[in-house]
Amino acid sequence: MEAPGGHAARADRGCPRENYALQVDILVAPSGPGVRLTTLDEGRGEVAAGEVSMDLLPGRVAALEVDRPRWVWTDTSALYPELLRAGVRVERCFDLRLCHAILRHAIPGRTTAADAWAAHVTPGAGIDAGPTLLDELTTVADIDPAAVLEEYARQQVAVQGSLEPGRLRLLLAAESAGALIAAEMKHDGLPWDLDVHDRQLAAMLGPRPRTGTRPARLEELATTIRAHLAAPALNPDSPAELLRALRSAGIEARTTRKWELADVDHPVIAPLLEYKRLSRLLTANGWVWMDTWIRPPEDGRRGRFHPDYVPGGVVTGRWATSGGGALALPKQIRSAVVADPGWKLVVADAAQIEPRVLAAMSRDEQLARASQGADLYQALVEEGIVDTRAHAKVAMLGALYGATTGEAGLLMPRLLRAYPKATNAVEQAARAGERGEVVRTWLGRTSPLPSATWHEVQGRASQPDAEPTDQRLARQQARDWGRFTRNFVVQGTAAEWALCWMAELRRRLLAIADDAGTPHLVFFLHDEVIVHSPAHLTQGVEAAIRDAAQSAGGLLFGTFPVEFALDVVTVDSYDEAA
DNA sequence: GCTGCTTGCCAC
DNA sequence: AAACGTGGCAAGCAGC
2 MEAPGGHAAR ADRGCPRENY ALQVDILVAP SGPGVRLTTL DEGRGEVAAG EVSMDLLPGR
62 VAALEVDRPR WVWTDTSALY PELLRAGVRV ERCFDLRLCH AILRHAIPGR TTAADAWAAH
122 VTPGAGIDAG PTLLDELTTV ADIDPAAVLE EYARQQVAVQ GSLEPGRLRL LLAAESAGAL
182 IAAEMKHDGL PWDLDVHDRQ LAAMLGPRPR TGTRPARLEE LATTIRAHLA APALNPDSPA
242 ELLRALRSAG IEARTTRKWE LADVDHPVIA PLLEYKRLSR LLTANGWVWM DTWIRPPEDG
302 RRGRFHPDYV PGGVVTGRWA TSGGGALALP KQIRSAVVAD PGWKLVVADA AQIEPRVLAA
362 MSRDEQLARA SQGADLYQAL VEEGIVDTRA HAKVAMLGAL YGATTGEAGL LMPRLLRAYP
422 KATNAVEQAA RAGERGEVVR TWLGRTSPLP SATWHEVQGR ASQPDAEPTD QRLARQQARD
482 WGRFTRNFVV QGTAAEWALC WMAELRRRLL AIADDAGTPH LVFFLHDEVI VHSPAHLTQG
542 VEAAIRDAAQ SAGGLLFGTF PVEFALDVVT VDSYDEAA
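Quick note on numbering: our numbering labels position 203 of the first sequence as 204, and the sequence is numbered without any gaps.
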């Protein structure tokens, strides 16, 4: 059986440093019907090379993996799944496609300890001068081995020539580790109990209906809604129809959004909101979704949900997902995420990760002090900055997202006074964005430049004959981009911390394996992980998760005294986690 | 029938 | 009543 713990056994786990000093890279490049493997020594000289057919590749990789090389290949997502299917895993890789995407626009800006995160001008002054083979790449099949080696060398030079090669190297390593983890998580899948899911749906919607018909509960609600609105033919799923019907019933709604309707006093509102809630559940995670995305159980295991994780899929460096909507797994159906018999889920999420990251990257000692406890928001209350935890959260998120109005806007002066370094940091990033400049994360991922249209609008507004509407539009647009760059630096750095956390965790989990199996990552979402673990190993897993978080903090921010608090629980099903 | 846009809602 | 960042996705709907 293909256990998640199918890793090649190693005698010398847990002391990688010494071994990394003797780093050997093995280049994997398509060649004819198979691949060409080229072993490089530390001076990047070729020491061995050979062709291998695709069907023999997994065996060859497994054999070579004993020496713990770093696999250098163009695209983990294209190659690694096949190795995984053959039961072969690797410890380290360098993903040329992902690293290229980072380096392509990296700016060799001057950085200092105080403002290393901050914006640096020079649009277009990326490390590499022009497009390379990877820019036109749609498939890796046509790249010859020499071109792969050339790209690798280029990237090494780019890193070496940057002003923070250490940070960039860490980012590329983390990004590449993420690519391995993403493929492994897709391969292993998230344990899923189809019966629990079906019961949950039936309890809320009624039993599974024939294809193409509404479940009983939804049909009932639709009838009630039609009666209240005197609209016998109304399809509640059509916003346009619904809006017309609401209006003829005397309800002055602008849209049919739930938060707008929630304030309306009318007997149709309650059943309508209930309809929306259930309809969403049905269309997003109902029986069709179940049939499409859950692989049925086999020999003693539960079913599995296998979403595609897309490392680097979000501009900020967060992962995207594709298929099954794994980015928004509703709380309502998390009870269907159930560990296999004899196994547990260890669920961990980083508490208030973005404020903590902001404290570290801005070197704000005051905010770092607030990070010492488990609840940073509560610390703001205890420090007397705000009066309630809710206010602390609103104020902090407002600062990170660029809120100017409402409660967040009102609380902002207090935050400015209490944490000048942290608030300044995000303000600087926002100002840079408003000017159309590039900003960078702590490890050096750079924000995209605004579009040509954006610049045109700004240009038009600065003409002497500019209309007030032009100027208003330009100001609006500049602020929009400023909010984006403001959030970019923090969200992106938090994503870097999370990548390091996972990479460190993955390494530690391999050391926990025993005969029952290897605890392994089965889910990741921005600041949260789920590890599927044999029940008797969960204590070690919890410790590994905490250790990994501390290591990640150290890797990024050295000795700066910021804490990365976690909420960690061991449960049978995901809904039991807070 | 296909494609792309809009609306609305889920997650962090 | 969206304000305030990043995404994916389903259904409706207009246009080809």
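Note that CB positions come from ideal geometry on N, CA and C, so glycine has one too.
Would you identify the three-state DSSP class for residue i, choosing helix, strand or coil?
| i | result |
| --- | --- |
| T284 | helix |
| E151 | helix |
| Y575 | helix |
| P31 | strand |
| E52 | strand |
| Y581 | Because the chain in this structure spans residues 2 to 579, residue 581 falls outside the shown range and cannot be described. |
| F561 | coil |
| R71 | strand |
| L202 | helix |
| L417 | helix |
| R554 | Sequence check: residue 554 is Gly here, not Arg. Looking at G554 - three-state DSSP - the assignment turns out to be helix. |
| T317 | coil |
| T447 | strand |
| T112 | The predicted position of T112 is uncertain, since its pLDDT is 35 and thus under 50; no value can be drawn from it. |
| V89 | coil |
| R211 | coil |
| D145 | coil |
| R441 | strand |
| R509 | helix |
| L330 | coil |
| S177 | helix |
| E428 | helix |
| G162 | coil |
| H101 | helix |
| R1 | This structure leaves residue 1 out entirely; the chain is present only between 2 and 579. |
| A409 | helix |
| H229 | helix |
| A433 | helix |
| A107 | coil |
Which residues does DSSP list as the beta-bridge partners of residue i?
| i | result |
| --- | --- |
| F524 | I531 |
| P192 | R305 |
| K1 | Residue 1 is absent from the model: the chain starts at 2 and stops at 579. |
| E185 | DSSP output for E185 lists no bridge partner at all. |
| Y310 | T322 |
| C501 | According to DSSP, C501 bridges with nothing at all. |
| T1 | Past the boundaries of the shown model lies residue 1; the chain is included only from 2 to 579, so the question cannot be answered. |
| G518 | D515 |
| V570 | V348 |
| C94 | W72 |
Indicate whether residue i and residue j have their beta-carbon atoms separated by less than 9 Å.
| i | j | result |
| --- | --- | --- |
| Y81 | E165 | no |
| L359 | A423 | yes |
| R487 | G318 | no |
| D576 | R335 | yes |
| S177 | R93 | yes |
| T40 | P146 | no |
| R370 | Q379 | no |
| D42 | R71 | no |
| C100 | L173 | yes |
| V395 | A409 | yes |
| K277 | P312 | no |
| L567 | I546 | yes |
Let me check you understand the geometry: is the CB of residue i closer than 8 Å to at least one non-hydrogen atom of the ligand FAD?
| i | result |
| --- | --- |
| V491 | Within the structure as shown, the ligand FAD is missing, as the structure has no ligands at all. |
Three or more C-beta pairs closer than 8 Å, one from the segment 274-294 and one from the segment 198-206: is that the case here? yes
Count the C-beta pairs between the segment 305-313 and the segment 177-196 that are closer than 8 Å, then say yes if the count reaches three, no if not. yes
Are the segment 495-506 and the segment 539-559 in contact at 8 Å, needing three or more beta carbon pairs? yes
Between the segment 155-163 and the segment 424-438, do three or more beta carbon pairs fall short of 8 Å? no
As an exercise, report each continuous alpha helix (DSSP H) stretch of at least 4 residues that is fully enclosed by the segment 231-305, in chain order. 240-249, 259-262, 270-286 and 288-294
4 or more residues per run - each alpha helix (DSSP H) lying fully within the segment 333-406: 354-362, 366-371, 377-383 and 390-402
Per the contact definition of three or more C-beta pairs closer than 8 Å, is the segment 222-238 in contact with the segment 267-277? yes
Pick out the complete beta strand (DSSP E) segments inside the segment 445-488, 3 residues or longer, and give them in chain order. none
With a threshold of 8 Å, are at least 3 pairs of Cβ atoms found where one atom belongs to the segment 406-417 and the other to the segment 456-475? no
Taking contact to mean at least 3 C-beta pairs separated by less than 8 Å, is the segment 393-411 in contact with the segment 328-345? no
If contact is defined by three or more beta carbon pairs under 8 Å, each pair taking one atom from either stretch, is the segment 310-324 in contact with the segment 488-495? yes
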